[in-house]
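Quick note: the sequence shown uses the numbering used here, first residue 12, plus one each step. Yeah, the Cβ is synthetic: ideal placement off N, Cα and C, and Gly gets one too.
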Amino acid sequence: MKNIGFFRSIAIDALFLALFIIFTFVPMLGYYNVGIISFQIVHIFVLIGAALFGYKKGLLYGFIFGLLSLIKAASYPGTFDYAFLNPFVSILPRVLFGFVSGLVFDIVKKHSSLKTYAIVLPFLCFVFTCLHTVLTLSCLYVFGVLDIFHISAALGLSEVVSGFDFFSLFSAVGLLGMVVEGAVALVVVLPLYLALRNIKFIKEIDDKKFKVIKV
């Protein structure tokens, strides 16, 4: 039985990996370029994984999301996306985003029923999408512009991030992107979460995390 559970877990991870790859590298599917800035909806798969399986999968899928965004950044030299070649800008905030989301989802499940969870899930996804934007821009400033580990300089990214102004970029672009991406998460995550719960072995995993209601 343990082997069956292991292979099922591998199958789930492979499914999510395929979705991440498709939505990252198929043009205008998971990322949308507006001028030199990219908006994305790939984060919804991190939220879905974290909502279903908790902080461990949230952390794993956040890492995959960040790693693929780093690889994608190499395709856009000369644009602001190129700054995401720095792993502390592309990977670290996505790992934190997935971990924190999964951790909170697990805590909410322990103190609520499926019905209550389904009500609060969209709003939590909106909040965590906002968190993702703030974490990403903060890491861009600390590890990119300030370059406390000298990674930007080593990768030749200093010129790309030299004009970065956290507050100006957040108010002009980040705020808009945060609202749009948050709205997508608000609408999309819950129906996909409920649809995946119809798969028997996923439902079995998810049910174990909810508060036990005594009749």
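{"Asked": "Ser169: first and last residue of the uninterrupted alpha helix (DSSP H) it sits in", "Found": "Ser169 to Val172"}
{"Asked": "Classification of Phe108 by the beta-carbon crowding that lies within 10 angstroms, buried from 16 upward", "Found": "buried"}
{"Asked": "From Arg208, Cys141 and Leu96, residue whose alpha carbon lies closest to that of Val171", "Found": "Leu96"}
{"Asked": "Integer Cβ distance of Phe56 from Ile102, believed to fall under 8 Å", "Found": "Incorrect: roughly 16 Å between the Cβ atoms, too far for contact."}
{"Asked": "Helix, strand or coil at Tyr43 according to DSSP, with G and I counted as helix", "Found": "strand"}
{"Asked": "CB contact flag (Pro133, Leu201, <7 Å)", "Found": "yes"}
{"Asked": "Beta-bridge partners of Phe232, as assigned by DSSP", "Found": "Not covered by the structure: residue 232. The range shown for the chain is 12 to 226."}
{"Asked": "Endpoints, alpha helix (DSSP H) assigned at Ser80", "Found": "Tyr66 to Ala84"}
{"Asked": "Touching by the beta-carbon criterion (3+ pairs, under 8 Å), the region 109 to 121 and the region 58 to 72", "Found": "yes"}
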